[in-house]
Amino acid sequence: MHNLIREFWPSTVDGLTLGSIYALIALGYTLVYGVLRLINFAHSEVFMVGTLGSLFMLHAIGVNSPQTGFALVGVLLLMLLAAMAVSGITAVLLERIAYRPLRRRGAGRLAALISAIGASFFLQEVVALRYGRDLIAFPRVMKKVTLFKIGAGDVRNDKLIVFVAAIVLMFVLERFVNGTRLGRGIRATAQDAETAVLMGVNIDRVVVATFVLGGLMAGVAAMLYGLRFENTQYIAGFVPGIKAFTAAVLGGIGNLRGALLGGLLLGLVESYGASFFGSQWLDVVAFAVLVIVLMFRPTGLLGEALSRARA
Amino acid sequence: MLLELKDVHVHYGKVEALKGISITVDEGEIVTLIGANGAGKTTTLKTISGVRPVTSGSVTFRGDNITSLPGHRRVERGLSQAPEGRGIFPGMTVVENLEMGAYARRGSQRKEVPADFERVYQLFPRLAERRSQMGGTLSGGEQQMLAIGRALMARPQVLLLDEPSMGLAPKLVSQIFQIIREISAQGTTILLVEQNAVQALSLAHRAYVLESGLVVRSADAHSLLDDESVRAAYLGGAVGSGGSGGSGGSGGS
Ligand SMILES: Nc1ncnc2c1ncn2[C@@H]1O[C@H](COP(=O)(O)OP(=O)(O)OP(=O)(O)O)[C@@H](O)[C@H]1O
Ligand SMILES: [Mg+2]
Chain W
1 MHNLIREFWP STVDGLTLGS IYALIALGYT LVYGVLRLIN FAHSEVFMVG TLGSLFMLHA
61 IGVNSPQTGF ALVGVLLLML LAAMAVSGIT AVLLERIAYR PLRRRGAGRL AALISAIGAS
121 FFLQEVVALR YGRDLIAFPR VMKKVTLFKI GAGDVRNDKL IVFVAAIVLM FVLERFVNGT
181 RLGRGIRATA QDAETAVLMG VNIDRVVVAT FVLGGLMAGV AAMLYGLRFE NTQYIAGFVP
241 GIKAFTAAVL GGIGNLRGAL LGGLLLGLVE SYGASFFGSQ WLDVVAFAVL VIVLMFRPTG
301 LLGEALSRAR A
Chain S
1001 MLLELKDVHV HYGKVEALKG ISITVDEGEI VTLIGANGAG KTTTLKTISG VRPVTSGSVT
1061 FRGDNITSLP GHRRVERGLS QAPEGRGIFP GMTVVENLEM GAYARRGSQR KEVPADFERV
1121 YQLFPRLAER RSQMGGTLSG GEQQMLAIGR ALMARPQVLL LDEPSMGLAP KLVSQIFQII
1181 REISAQGTTI LLVEQNAVQA LSLAHRAYVL ESGLVVRSAD AHSLLDDESV RAAYLGGAVG
1241 SGGSGGSGGS GGS
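Each protein sequence line maps, in turn, to chains W and S.
When the count follows the numbering used here, it moves up by one through the first sequence with no breaks and lands on 311 for the last residue.
When the count follows the numbering used here, it moves up by one through the second sequence with no breaks and lands on 1253 for the last residue.
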């Protein structure tokens, strides 16, 4: 108890940072689930390859020391673009190769799930064979400084960037889904796919769009993860992926705002749990909360589907 | 000829739902498809809209063979449908649902979308009152109006209606049929699927009777209305209900 009080603000800052990354990954699970009712288990690898994308961008431009000013902004943007491109393309290929052929043949969801797990192992092993199984370190691109304090919690520049980026992207994604033609097509398909076709919605394009959007968000998460934790590995996607999936379920899978809420909440709960019980209890606390929430609200905090919540 | 189905066979797995259906719809007509539950009426409309693939046979629309055209492209060509069970998007408002009806209209075709909103609100003043209400919270009748209005937002050449009277109170049923008549008078060709055969026959120009995936009768609608065997099979048989339907028909013409 004593620990939690002393650690409250630092835990809050860390929880929100971690939760932001969960939330961004969770958006990919939730978008694809909303449209296809499919858990894209390979989404954690879409995230993982994104971390490599931003790392290799650093190698390519030869950055291996902290930058400042415009140079820093440029480096961060290049890392972001690389991660988004690699994750986005991987997500699209995944849809083309692992899911679409099954969908075309009218295979059930169980088949798609097996395919997803297969794709997940495939991507992990490709990376492991090519880059080894050890942790791969990122160079430090930004000097980490405390910008201000909330209570006893230091708000560091990298943590603030992670949090702000998650909130901004959430906003952009909502605008896209509610305000564009393709976004409306996504919502319509999530609510009633056959009727969406009767309206003239091209379901294949909608499906690709959800994979692209999910992939791009995972790419952003990957770049932020690299910035924050400064390492990656062939299984770097596994734990964040499971946590993000948990976050999506916690918030109400299929619901965009639910993904954000679930992600932030899960990050906070983990962080508080770790300072209260000790960090070895972190995962236990996270899943205990999930089980308790689902006992009382089986469809998650904000309910299911892109349908109800208008987003 | 605007729309033609030629010897269309459709399967659900091994079950043959349509066993060689041939139907034509001419410009300006109201054609009705009647038949008992499971006869294949909905399957026929789904096949026309391209959400069910054919096993064999052809669908021709405005002279083009559209048999293998994907469903979403058929809306651009001028086919739209208010499906069985209405298919309202529950998490979208009335306005958003109507906007979905105009999804296939792009570029210069969008100029007239605001005017079409007005046209739909004129046909269904109730929808105007409920503009920002969620589709899922509308009453059955309101949802049906929304489904028809939404299909009109595509500016179809042929409007496909699947049991628009299903589950509605008698008064609302006559209102819906009145509106269908009005839509037809405004120049839209209509293919109407109905269980409510009396009303459908008194409204339509021509009719097809479906039975287990086959067309068993095709005739002028009014002659079917007076036909004894059709009466017995599809109009409930009872002379009383048939009589009232018949008079309703003559009143409408
Ligand atoms: N999704 C499906 N899977 C398997 N069989 C189906 C499916 N949909 C329809 N059928 C079968 O195809 C046949 C025709 O069904 P359809 O829905 O076209 O009939 P309908 O004339 O519209 O009936 P109703 O008046 O009850 O709406 C029925 O025997 C039905 O059981
Ligand atoms: Mg039917």
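Don't be surprised by glycine CBs; every beta carbon is placed ideally from N, CA and C.
| request: Mind checking which residues open and close the alpha helix (DSSP H) that includes S/Leu1192? | output: No alpha helix (DSSP H) holds S/Leu1192; the beta strand (DSSP E) holding it covers 1189 to 1194.
| request: Locate the alpha helix (DSSP H) running through S/Lys1019, then write down its first and last residues. | output: That residue, S/Lys1019, is in no alpha helix (DSSP H); its beta strand (DSSP E) goes 1015 to 1025.
| Proximity test, S/Asn1037 beta-carbon vs ligand 1 heavy atom, cut-off 6 Å | Of the heavy atoms belonging to ligand 1, at least one sits nearer than 6 Å to the Cβ of S/Asn1037.
| request: Compute the minimum distance between the beta carbon of S/Thr1042 and the heavy atoms of ligand 2, and state whether it is under 6 Å. | output: Yes, the beta carbon of S/Thr1042 sits closer than 6 Å to at least one heavy atom of ligand 2.
| Best match in S/Ser1229, S/Ser1108, S/Val1113 for proximity to S/Gly1101 [C-alpha to C-alpha] | Comparing Cα positions, the closest option is S/Val1113.
| task | Tell me whether S/Ala1238 sits in a helix, a strand or coil according to DSSP, three-state version. | result | Reliability of the predicted coordinates at S/Ala1238 is poor, the pLDDT of 41 falling under 50, and no value is obtained from them.
| task | Identify, in the order they occur along the chain, each residue of the same chain with its Cβ nearer than 6 Å to the Cβ of W/Leu78, setting aside the five sequence neighbours on each side. | result | So the list reads Met57, once near-sequence residues are dropped.
| query | What's the gap between the Cα of S/Arg1086 and the Cα of S/Gly1141? | reply | Approximately 10 Å between the Cα atoms of the pair.
| task | State buried or exposed for W/Asn64, treating a residue as buried only when at least 16 other CB atoms are found within 10 Å of its CB. | result | Exposed, because fewer than 16 other Cβ atoms sit within 10 Å of the Cβ of W/Asn64.
| request: Note down, in chain order, each residue of its chain lying with its Cβ closer than 8 Å to the Cβ of S/His1011, except the 5 sequence neighbours on either side. | output: Answer for S/His1011: Ala1017, Thr1055, listed in chain order.
| I think S/Gln1133 touches S/Thr1093, with their Cβ atoms under 8 Å apart; what is that distance to the nearest whole Å? | 6 Å between Cβ atoms; contact.
| task | Compare the beta carbon distance of S/Asn1097 and S/Gly1135 with 7 Å and say whether it is the shorter of the two. | result | The criterion of a C-beta distance shorter than 7 Å is satisfied by S/Asn1097 and S/Gly1135.
| task | Whole angstroms is fine: what's the gap from W/Phe163's alpha carbon to W/Phe47's? | result | Taking the straight line from one Cα to the other gives about 17 Å.
| said: Given a cut-off of 7 Å on the beta-carbon distance, is the pair W/Phe4 and W/Ser275 in contact? | reply: Per the sequence shown, residue 4 of chain W should be read as Leu rather than Phe. Contact flag set, yes.
| message | Whole angstroms are fine: how far does the CA of W/Leu27 sit from the CA of W/Ala311? | response | Below a pLDDT of 50, predicted positions are generally treated as unreliable, and W/Ala311, at 37, falls in that range; no measurement from the model is reported.
| said: If I follow the unbroken alpha helix (DSSP H) through S/Tyr1121, where does it start and stop? | reply: Element bounds for S/Tyr1121: 1113 to 1123.
| query | So, using beta-carbon positions, are W/Ala23 and W/Ala259 closer together than 7 Å? | reply | Against a cut-off of 7 Å, the Cβ pair of W/Ala259 and W/Ala23 comes out as a contact.
| query | Hey, how far is the Cα of W/Asp204 from the Cα of S/Arg1130? | reply | In a straight line, the C-alpha of W/Asp204 is about 32 Å away from that of S/Arg1130.
| Hey, quick one: how far does the beta strand (DSSP E) through S/Asp1007 stretch, first residue to last? | Where S/Asp1007 is concerned, the enclosing beta strand (DSSP E) starts and stops at 1003 to 1012.
| message | Does the region 37 to 44 of chain W come into contact with the region 108 to 115 of chain W, if we say contact requires no fewer than three beta-carbon pairs (one atom in each stretch) closer than 8 Å? | response | Touching, yes, given that three or more Cβ pairs across the two stretches are closer than 8 Å.
| field | Local conformation of S/Tyr1103 per DSSP, three classes | value | In the structure shown, S/Tyr1103 falls within a coil segment according to DSSP collapsed to helix, strand and coil.
| query | Nearest chain S C-beta to W/Val197 closer than 7 Å, yes or no? | reply | Answer yes: the Cβ-Cβ gap between W/Val197 and chain S drops below 7 Å somewhere.
| field | Simplified DSSP state of S/Glu1211, which is helix, strand or coil | value | DSSP places S/Glu1211 in strand when its eight states are reduced to three.
| said: Give me the chain S residues within the contact set of W/Val201, using Cβ-Cβ distance strictly less than 7 Å, ordered along the chain. | reply: Neighbourhood of W/Val201 in chain S, by CB distance below 7 Å: His1072, Tyr1103, in chain order.
| Which chain W residues sit within Cβ distance under 7 Å of S/Met1100? | Near S/Met1100 (Cβ distances below 7 Å), the residues of chain W are Arg184, Ala188, Met199.
| request: Specify whether the region 223 to 237 of chain W and the region 247 to 266 of chain W touch according to this definition: at least 3 beta carbon pairs, one from each stretch, less than 8 Å apart. | output: Three or more Cβ pairs closer than 8 Å define a contact, and the region 223 to 237 of chain W falls short of that threshold against the region 247 to 266 of chain W.
| task | Using the Cα positions of S/Glu1084 and S/Gly1040, report the straight-line distance between them to the nearest angstrom. | result | If I take the Cα positions, the gap works out to 12 Å.
| query | Is S/Lys1067 near S/Ser1058, with beta carbons less than 7 Å apart? | reply | First, the amino acid is wrong: residue 1067 of chain S is Thr here, not Lys. By the CB criterion at 7 Å, S/Thr1067 and S/Ser1058 fall inside the cutoff.
| message | Which same chain residues end up closer than 8 Å to W/Leu147 when comparing Cβ atoms and leaving out the 5 residues on each side of it in sequence? | response | Cβ within range, chain order: Val155, Arg156, Asn157, Leu160.
| request: Just the C-alpha distance for S/Ser1174 and S/Ser1202, rounded to the nearest angstrom, thanks. | output: Their backbone Cα atoms lie some 12 Å apart in a straight line.
| field | Under the three-state DSSP convention, the category W/Ala247 falls into | value | The three-state reading of DSSP puts W/Ala247 in helix, counting H, G and I together.
| message | Helix, strand or coil, according to DSSP, for S/Gly1251 in the structure here? | response | Interpretation of S/Gly1251 is limited by its pLDDT of 35, a score under 50 that renders its predicted location unreliable; the figure taken from the coordinates is listed afterwards. Correct three-state label for S/Gly1251: helix.
| Residues that DSSP places opposite S/Asp1064 in a beta bridge | Paired residue(s): S/Phe1061.
| query | Can you find a C-beta in chain W that's less than 7 Å from the C-beta of S/Gly1087? | reply | For S/Gly1087, a Cβ of chain W is located within less than 7 Å of the residue's own Cβ.
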